[in-house]
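Structure record follows, encoded as structure tokens.
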Amino acid sequence: MMLNARPDGRNRKTLSSERATALYRSLLLELERRRQHTGVSMSELSDIAGAADRYFSKALHADTPSGRVARWETLEEFMQALFPHGYDVEIRPRTTGPLTAEDLRRKVRFAAASNNRLTQRALMSELGKRSAAVRKERMTPEQRSEIAKRAAQTRARNRMASAAAAIADTSSSAGNALT
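FYI, the numbering for the sequence shown is 305 to 483, going by the numbering used here.
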């Protein structure tokens, strides 16, 4: 725990940057997946559960500055709103360690991407850019130069092929016009 000075001079206890536990994050991740599956907006879910406006969003992103860690009673209300006929909880061991705040953000983005093609395209584009940057850092200048040479050769070959196709199109259309 850390102490933060408040404007009135008193100190306030705060947790480190990660306020939510792995169990809390796992539960909210499953609630978010269910919310997206049912097509209910975050605002609608907050209203149905009787929580404050947009509270589900703050509870989902508890590790952000504007986020809030919801009480267990509030989580129960969200669960009843999303699973009106009841639910079972299953706890299984993870092979990758506890769910961190960054893992939660990534998994929420992947869950949203599976329901929205534009979101999926943006996510895949971002992941591709990240992996390209990491790949570039790991390569030697000679390897990067070799890849650039091959790319230039491929571009030149493609330009030649498209130019040849354009010439063939114009000559065949000109031949058809004469006959």
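Ideal placement from N, C-alpha and C gives every residue a C-beta, glycine not left out.
(message) Can you confirm whether the region 338-347 touches the region 428-437 when touching is taken to mean that 3 or more C-beta pairs between the two stretches lie within less than 8 Å?
(response) no
(request) Would you give the residue range spanned by the alpha helix (DSSP H) that phenylalanine 360 belongs to? (result) 359-364
(message) For alanine 356 and leucine 427, what's the separation of their Cα atoms in angstroms?
(response) 30 Å
(request) Kindly indicate which residue of Arg339, Ser466, Ala436 and Ala460 has the alpha-carbon position closest to the one of phenylalanine 382. (result) Arg339
(message) I'd like to know whether the C-beta atoms of leucine 408 and leucine 335 end up nearer to each other than 8 Å.
(response) no
(request) Please classify alanine 324: does DSSP put it in a helix, a strand, or coil? (result) coil
(request) Ignore the nearest five residues each way along the sequence and tell me which others in glutamine 384's own chain have a CB closer than 8 Å to its CB. (result) Ala353
(request) State the Cα-Cα distance for the pair lysine 411 and glycine 390, rounded to the nearest angstrom. (result) 24 Å
(request) Have a look at arginine 421 and leucine 379 and give me their C-alpha separation to the nearest angstrom. (result) 30 Å
(request) Note down the Cα distance separating alanine 472 from threonine 458, rounded to an integer number of angstroms. (result) 21 Å
(request) Could you tell me the boundaries of the alpha helix (DSSP H) in which alanine 353 lies? (result) 346-353
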